[in-house]
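Enquirer: The structure follows.
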Amino acid sequence: MPAIGAKRVGVIGAGMVGVCTASWLQRDGHSVFLIEAGEPGRGASFGNAGCLNGSSVTPVSMPGVIRNVPRWLFDPLGPLSLRWSYLPAIAPWLVRFMRAGTPEKVRAQARALRPLVGPTLDALRPLVSAAGAGDLVHGLGHLYVYRSAESLGKDRLSWALRRENGVEIDEFDADELRQLEPALSREYVRGLLVRENGHTSNPFGLVQRLLEHFLRSGGELVQARAHGFRLDGARLAAIQTDGGDLSADAAIVCAGAYSKPLVAALGDKVPLETERGYHLMIADPEAMPRIPTADADGKFVATPMDTGLRLAGTVELAGLAAPPDWRRARILLTQGRKMLPGLASSHPEERISVWMGHRPSLPDSLPVLGPSNATRDVIYAFGHGHVGMTAAPMTGKVVADLVAGRPPSIDIAPFAPGRFS
Ligand SMILES: Cc1cc2nc3c(=O)[nH]c(=O)nc-3n(C[C@H](O)[C@H](O)[C@H](O)COP(=O)(O)OP(=O)(O)OC[C@H]3O[C@@H](n4cnc5c(N)ncnc54)[C@H](O)[C@@H]3O)c2cc1C
35 MPAIGAKRVG VIGAGMVGVC TASWLQRDGH SVFLIEAGEP GRGASFGNAG CLNGSSVTPV
95 SMPGVIRNVP RWLFDPLGPL SLRWSYLPAI APWLVRFMRA GTPEKVRAQA RALRPLVGPT
155 LDALRPLVSA AGAGDLVHGL GHLYVYRSAE SLGKDRLSWA LRRENGVEID EFDADELRQL
215 EPALSREYVR GLLVRENGHT SNPFGLVQRL LEHFLRSGGE LVQARAHGFR LDGARLAAIQ
275 TDGGDLSADA AIVCAGAYSK PLVAALGDKV PLETERGYHL MIADPEAMPR IPTADADGKF
335 VATPMDTGLR LAGTVELAGL AAPPDWRRAR ILLTQGRKML PGLASSHPEE RISVWMGHRP
395 SLPDSLPVLG PSNATRDVIY AFGHGHVGMT AAPMTGKVVA DLVAGRPPSI DIAPFAPGRF
455 S
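Its first residue numbered 35, the sequence shown is counted upward by one per residue in the numbering used here.
Structure follows, in structure tokens:
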């Protein structure tokens, strides 16, 4: 017997954001179905670094970012690269990205993000415990390491933004760092530990377990590609898919980097891009950090996963269609060996695996979270960029509030879909 006020809700996209959203909606008593075009959890949610960092409030575009653009264009293997052939297509996004990086704007972006990412572990806990996935989520903190005081100095604003937003940070010198994480290279002379952060040791497994629980609790999974919406006046009648129309009282767009055509189908416009990222994994590694450890200069994270050591990160601006440049993943191996000298200097290919995925990114590093202009029955929840694993649980809670007609527990005005028009 459905609860009073219960709706039939279709959630498009079964990545971490879609599955958390579907789970929170289901807990509110709605009849929920997920629509997934591929395999659930195989999108960006598959190969990320697994960090659940409530401290991740620093936007990607920071003051002075414009000075770096020539380096992005001329160093295809640098931490951030931009393919020449993609420059014309991405130029309007880049302009907005540069403009988002003023000192006032980054302060506002960080303030907006903190309520979305700060409560991550609390918002994830009920879902994880119901799904019996507690073994995949750990609250051990996150370590950032630097090779010189100078390079730490360059990140001064990032650390100030975290502190201003209530993040507590412990600083370590070279000796203390060695005691904290003996596997790390002695080249690192500074470490900053954020104890409130957590991680999952299997991002794909986490999505799968949450999905399995959702299905066991009466949720449905529809294998189809959504391409639009049938409206009856200002009300949603159905979600249109390649398998036919699916009637629904509400629809939630959680299609990550692929959300743009669904937004366009309702006449809305958002400057969504993909920041492509890579990982390289070593099975049975000879050395691993105890907790996720970010090399701040190399812009990559080494995360201890259930299936080995994952080196993940870097940004490549080259769109959704271009083939992966696997040299970018291989470079992570070189960097990983420098970070963890205990790793062997060569590994048999069968112990190495590589992956490329699409972060769904808006120029101001904030997601799109709120109803469409065309109808309040379609809610957008995508564009979480570098922090989608982290922001997914709170995003799901906010969507459940919106569908129930409750005021959301956090301010979502900074995430308004119409903020770019
Ligand atoms: C290298 C790398 C490292 C990262 N590290 C971290 C990290 O440590 N911590 C963190 O918080 N974030 C991290 N991220 C970012 C994070 O992975 C993403 O923000 C997050 O996974 C996005 O989740 P999503 O559910 O929105 O998208 P996805 O996981 O991509 O899921 C979207 C789903 O929608 C489906 N879909 C698309 N279009 C349609 C359609 N029309 N109809 C039906 N289904 C559709 C897709 O098949 C896909 O399954 C990282 C990303 C990368 C690339």
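Glycine residues also receive a C-beta, built at the ideal position from the N, C-alpha and C atoms.
#1: For V91, is the classification buried or exposed, using 16 other Cβ atoms within 10 angstroms of its Cβ as the cut-off for buried?
#2: According to DSSP, is S185 part of a helix, a strand, or is it coil?
#3: Please report the straight-line C-alpha distance between V151 and S89, rounded to a whole angstrom.
#4: Please state whether the Cβ-Cβ distance between E309 and L351 is less than 8 Å.
#5: Roughly how many angstroms lie between the CA atoms of L68 and P323, to the nearest whole one?
#6: Report all residues from its chain with a CB closer than 7 Å to the CB of L400; omit the five preceding and five following residues, and keep chain order.
#7: Please state whether the Cβ-Cβ distance between T341 and A317 is less than 8 Å.
#8: Along the alpha helix (DSSP H) that carries V297, what are the first and last residues, could you check?
#9: On the three-state DSSP scale, how would you describe W360?
#10: Buried or exposed: S157, going by 16 or more other Cβ atoms within 10 Å of its Cβ?
#11: Does ligand 1 have even one heavy atom less than 7 Å from the beta-carbon of N236?
#12: On the three-pair Cβ rule with 8 Å, is the segment 244 to 256 touching the segment 192 to 207?
#13: Heavy atom of ligand 1 less than 7 Å from the Cβ of I46, yes or no?
#14: For K41, count the other beta carbons within 10 Å of its own beta carbon; 16 or more makes it buried, fewer makes it exposed. Which is it?
#15: Can you tell me which of C85, Q60, Y180, A56 puts its alpha carbon nearest to the alpha carbon of G422?
#16: Are A291 and R243 touching if we call contact CB-CB under 8 Å?
#17: Pull up the CB-CB distance for G175 and R229, whole angstroms please, since I reckon it's below 8 Å.
#18: State the Cα-Cα distance for the pair D302 and K139, rounded to the nearest angstrom.
#19: Between P149 and T55, what straight-line distance do the alpha-carbon atoms span, to the nearest angstrom?
#20: From P216 to V179, what does the alpha carbon distance come to, in whole angstroms?
#21: With DSSP as the reference, label L396 as helix, strand or coil.
#22: Would you check whether ligand 3 has a heavy atom nearer than 7 Å to the C-beta of T136?
#23: Would you call L161 buried or exposed, if buried means 16 or more other Cβ atoms sit within 10 Å of its Cβ?
#24: Count the other CB atoms, across all protein chains shown, that sit within 10 Å of the CB of Q213; report buried if there are 16 or more and exposed otherwise.
#25: Contact between the segment 395 to 412 and the segment 359 to 379: three or more CB pairs below 8 Å?
#26: Give the single residue among A336, R259, G376, D283 whose Cα lies nearest to the Cα of A363.
#27: Under the rule that 16 or more other beta-carbon atoms within 10 Å means buried, what is D207, buried or exposed?
#28: Which residue comes first and which comes last in the beta strand (DSSP E) that contains V402?
#29: Take L226 as the anchor and find which of A330, L270, T234, R264 has the nearest alpha-carbon.
#30: Is the beta carbon of P237 closer than 8 Å to that of S79?
#31: For A378, is the classification buried or exposed, using 16 other Cβ atoms within 10 angstroms of its Cβ as the cut-off for buried?
#32: Report the CB separation of V51 from C288 in whole angstroms; it is logged as a contact under 8 Å.
#33: With a threshold of 7 Å (Cβ to nearest heavy atom), would S251 be considered close to ligand 1?
#34: Just mark L111 as buried or exposed, buried being the case when its beta carbon has 16 or more other beta carbons within 10 Å.
#35: Decide yes or no for the touch test of the segment 99 to 108 against the segment 63 to 77: beta carbon pairs closer than 8 Å, at least 3 of them.
#36: Taking the alpha-carbon of A425 as reference, which of F131, L155, V43, E202 has the nearest alpha-carbon?
Expert: Reading off the structure:
#1: buried
#2: helix
#3: 7 Å
#4: yes
#5: 36 Å
#6: Q143, A146, L147, P448, F449
#7: yes
#8: 294 to 298
#9: coil
#10: For the record, residue 157 in the displayed sequence is Ala; it is not Ser. So A157 ends up on the buried side.
#11: no
#12: no
#13: yes
#14: buried
#15: C85
#16: no
#17: 4 Å
#18: 24 Å
#19: 17 Å
#20: 13 Å
#21: coil
#22: Of the ligands one can find in the structure shown, namely ligand 1, none is ligand 3.
#23: buried
#24: exposed
#25: no
#26: A336
#27: exposed
#28: 402 to 405
#29: A330
#30: yes
#31: exposed
#32: 5 Å
#33: no
#34: exposed
#35: no
#36: L155
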